[in-house]
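In what follows, a structure is listed as structure tokens, so that the remarks can point back to it.
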Amino acid sequence: MRCRSNRFEQSSWILAAGLAVAVLSGCDKEPPRSEWTPADHRHPPESAVDPARVPAGSASKDPTIDAARALWRVTCASCHGVGGDGTGAGRPPGVTLANFADPAWQKTRTDGDLAAAIRDGRGLMPKFGDQINPTGIAALVAHIRSFDPTKADQAPKPESAGDAP
Numbered sequence: 019m020r021c022r023s024n025r026f027e028q029s030s031w032i033l034a035a036g037l038a039v040a041v042l043s044g045c046d047k048e049p050p051r052s053e054w055t056p057a058d059h060r061h062p063p064e065s066a067v068d069p070a071r072v073p074a075g076s077a078s079k080d081p082t083i084d085a086a087r088a089l090w091r092v093t094c095a096s097c098h099g100v101g102g103d104g105t106g107a108g109r110p111p112g113v114t115l116a117n118f119a120d121p122a123w124q125k126t127r128t129d130g131d132l133a134a135a136i137r138d139g140r141g142l143m144p145k146f147g148d149q150i151n152p153t154g155i156a157a158l159v160a161h162i163r164s165f166d167p168t169k170a171d172q173a174p175k176p177e178s179a180g181d182a183p
């Protein structure tokens, strides 16, 4: 029985030594160095972009809608979520925010109510009136309205969380 134990120990040591040699042999190689150039960050030429691979609805024909989406992502989505469902990762712990995709909630607020909340703040929400001009506030109100599924034929559909960059 002692003989079997010695063979097992020898096999274990040989295996461990072989593994160590294999791991360490890969450590002596330095990765190739490349120097950064501005060309590394150029957009591809339009001819290199396959239009069939561009997601539908990722850009609209109206630049105001695209600007409102961008403003939403930068200013609001961290708390309210990209889809307006109130589940953004930046919302305060334990706080429940309104689900803007709920038609019942949409009926309880006027555009003026929404604009005032954005401009002046409300509860834990900070005021944005000193950072966003009235045109931007109006665009955000329209974007909030676009979350209402009953108005889908009247307003462009906001991007889903999977479409976010």
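First residue of the sequence shown? That's 19 in the working numbering, and the numbers climb one at a time after it. Here a beta-carbon is modelled for each residue, glycine too, at the ideal position from N, C-alpha and C. Being a predicted model, the structure only gives us computed values, none of them experimental.
Item                                                                                                     : Value
Counted within 10 angstroms of its Cβ, other Cβ atoms place glycine 36 as buried (16 or more) or exposed : exposed
Alpha helix (DSSP H) segment containing leucine 89, residue limits                                       : 81 to 93
Alpha helix (DSSP H) segment containing leucine 132, residue limits                                      : 129 to 138
Buried or exposed by the 16-neighbour rule on C-beta atoms within 10 Å, applied to arginine 25           : exposed
Among Ala34, Arg109, Thr168, nearest to alanine 119 - alpha-carbon criterion                             : Thr168
Where aspartate 80 falls, given that 16 or more other Cβ within 10 Å makes a residue buried              : exposed
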